[in-house]
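If you read the sequence shown in the numbering used here, its first letter stands for residue 164, the second for the next number, and so on.
Worksheet for the structure shown next.
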Amino acid sequence: MSKSLSKKSLPEKSSPKEVAAAASLDAAALPEEQAEFAEAVLAGLSAPRKAIPSRFLYDARGSELFEEITGLEEYYPTRTEIGLLERYAGEMAEAAGPAKTLVEFGSGSSRKTRLLIDALDGLETYVPLDIEESCLAQAKAALEADYVSLEILPQVADFTKPVKLPEAASGARLGFFSGSTIGNLDQREARRFLTNAGRSLGPGAGFLIGADLRKRPETLIRAYNDSRGVTAEFNLNLLARINRELGGDFDVSAFRHEAIYDGRFGRVEMHLISLEDQTVTLLGQRLRFREGETIHTENSHKYSLPEFRLLATDSGWRHEALWVDDDALFSLHLLRLPG
Ligand SMILES: C[S@@+](CC[C@H](N)C(=O)[O-])C[C@H]1O[C@@H](n2cnc3c(N)ncnc32)[C@H](O)[C@@H]1O
164 MSKSLSKKSL
174 PEKSSPKEVA
184 AAASLDAAAL
194 PEEQAEFAEA
204 VLAGLSAPRK
214 AIPSRFLYDA
224 RGSELFEEIT
234 GLEEYYPTRT
244 EIGLLERYAG
254 EMAEAAGPAK
264 TLVEFGSGSS
274 RKTRLLIDAL
284 DGLETYVPLD
294 IEESCLAQAK
304 AALEADYVSL
314 EILPQVADFT
324 KPVKLPEAAS
334 GARLGFFSGS
344 TIGNLDQREA
354 RRFLTNAGRS
364 LGPGAGFLIG
374 ADLRKRPETL
384 IRAYNDSRGV
394 TAEFNLNLLA
404 RINRELGGDF
414 DVSAFRHEAI
424 YDGRFGRVEM
434 HLISLEDQTV
444 TLLGQRLRFR
454 EGETIHTENS
464 HKYSLPEFRL
474 LATDSGWRHE
484 ALWVDDDALF
494 SLHLLRLPG
């Protein structure tokens with residue numbers, strides 16, 4: 164199947180809505196996931212402030228690069244969250260109560276989940292859920308080798324939408340949302356996510372969520388601007404993915420990665436900055452970039468403990484327990500949906 168959309172022309176000055184609508188006409192011929200990607204990219208790059216939702220950073224190559232990021236010296240979140248799980252997984256499992264099914268949103272490699280699985284007595288089913296298929300297949304194969312009696316039911320799904328869990332994911336449920344992926348959502352999106360997750364998990368469910376904490380901007384910038392340039396490659400891979408999957412002609416070397424901290428929102432923002440005035444052709448559209456113009460590709464919101472508590476309770480969850488490392492870098496929260 165051709166991966167590029169037909170070159171139906173729009174007026175030179177189409178609004179983002181018109182562009183997205185035209186793409187959606189042509190995109191009808193594409194698989195749903197790719198059509199959504201096409202619409203989001205065209206709408207996002209036609210807007211006055213260019214932006215592409217961060218979930219599109221994760222194709223197979225993006226997932227590989229993210230795994231590499233988790234091992235970087237500057238990237239403290241993964242090792243800190245793993246440290247918390249190594250130290251407190253037993254306590255977390257006890258506080259969570261008996262769980263038959265563990266449902267993980269944005270599970271990636273499921274590497275740190277092993278610590279939780281090991282601590283949960285009586286767990287029968289694990290549902291890793293991710294937008295990116297290849298990481299799910301790899302995680303399933305690796306887990307099956309070590310947990311022979313655990314049923315593993317991977318789900319390719321977008322957690323920004325309501326998710327229907329498989330029938331077999333029955334009994335008491337515990338949700339897990341690690342890696343501070345919740346920080347990629349803004350306040351409104353995070354509330355919607357928590358409400359939808361509550362509907363999927365059901366009354367009485369527990370939910371263990373990792374959230375990165377507010378800290379010195381220098382530490383944050385280092386974490387998202389590593390010296391080996393892996394985060395830059397992760398961010399720039401989005402343009403390469405657009406070229407591969409949507410037939411774009413981005414010159415990836417004509418953009419650079421930048422991470423900034425915006426204290427007003429308490430978030431790190433990743434951007435791709437155009438190094439020159441340039442025009443890119445994509446899906447029959449000519450998209451102009453001025454020198455210095457940016458494409459906003461990811462937010463990583465950092466929480467204070469009261470902010471996170473408020474987010475949880477505002478979204479219908481009870482805040483039951485909290486674990487924080489000694490340097491107050493990262494937090495894990497146990498929430499409960501009233502029964
Ligand atoms: C920051 S990584 C965290 C991975 C893993 N949980 C960890 O802590 O190492 C985010 C993960 O969420 C997935 N993801 C991002 N947006 C998603 C979405 N809208 N729906 C489902 N999965 C998503 C990515 O593919 C990736 O595996």
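Beta carbons: idealized from backbone N, C-alpha and C, even for Gly.
From a predicted model like this one, the values you see are computed outputs, not experimental measurements.
Alpha-carbon spacing of residue 375 relative to residue 470, whole angstroms
For the purposes of this step, residue 375 is taken as residue 212 along the sequence shown, with counting starting at 1. For the purposes of this step, residue 470 is taken as residue 307 along the sequence shown, with counting starting at 1. Using only the alpha carbons, I get a separation of about 12 Å.
Residue 188 classed as buried or exposed, judged by whether at least 16 other C-beta atoms fall within 10 angstroms
For the purposes of this step, residue 188 is taken as the residue at position 25 of the sequence shown. Residue confidence is low: residue 188 scores 48 on pLDDT, short of 50, so the model does not pin down where it sits. Its coordinate-derived value is still stated next. It is exposed - the Cβ of residue 188 has fewer than 16 other Cβ atoms within 10 Å.
Please determine whether the Cβ atom of residue 238 lies at a distance below 7 Å from any heavy atom of ligand 1.
Taking the sequence shown and counting its residues from 1, one reaches residue 238 at position 75. False, no ligand heavy atom lies under 7 Å from that Cβ.
Can you determine whether any heavy atom of ligand 1 sits closer than 7 Å to the C-beta of residue 215, and answer yes or no?
Position 52 of the sequence shown, counted from the first residue, corresponds to residue 215. False, no ligand heavy atom lies under 7 Å from that Cβ.
Measuring CB atoms only, is the segment 257-267 touching the segment 410-423, in the sense that at least three cross pairs come out at less than 8 Å?
Segments in contact, no.
Closest by C-alpha distance to residue 311, when choosing among 350, 254, 280
On the sequence shown, position 148 is the one that residue 311 refers to. Here the closest residue by C-alpha is 280.
Three-state class that DSSP yields for residue 251 in the structure shown:
In the sequence shown, residue 251 corresponds to position 88, counting from 1. In the structure shown, residue 251 sits in a helix (DSSP, three-state: H, G or I).
Can we say the segment 221-233 touches the segment 476-483, given the rule of at least three CB pairs closer than 8 Å?
no
Can the beta-carbon of residue 421 be found less than 8 Å from the beta-carbon of residue 405?
Taking the first residue of the sequence shown as 1, we reach residue 421 at position 258. Taking the first residue of the sequence shown as 1, we reach residue 405 at position 242. No.
The beta strand (DSSP E) that contains residue 424, what's its start and end?
As a working mapping, residue 424 is identified with position 261 in the sequence shown. Looking at the DSSP string, the run of the beta strand (DSSP E) that includes residue 424 is 418-425.
DSSP three-state call for residue 271: helix, strand or coil?
Here residue 271 refers to the residue found at position 108 of the sequence shown. It is coil, neither helix nor strand.
When the Cα atoms are used, what is the spatial distance from residue 383 to residue 399?
Taking the sequence shown and counting its residues from 1, the one referred to as residue 383 is at position 220. Taking the sequence shown and counting its residues from 1, the one referred to as residue 399 is at position 236. In a straight line, the C-alpha of residue 383 is about 20 Å away from that of residue 399.
Which whole-angstrom value is the C-beta distance of residue 314 and residue 344, which I expect to be below 8 Å?
Position 151 of the sequence shown, counted from the first residue, corresponds to residue 314. Position 181 of the sequence shown, counted from the first residue, corresponds to residue 344. Incorrect: roughly 24 Å between the Cβ atoms, too far for contact.
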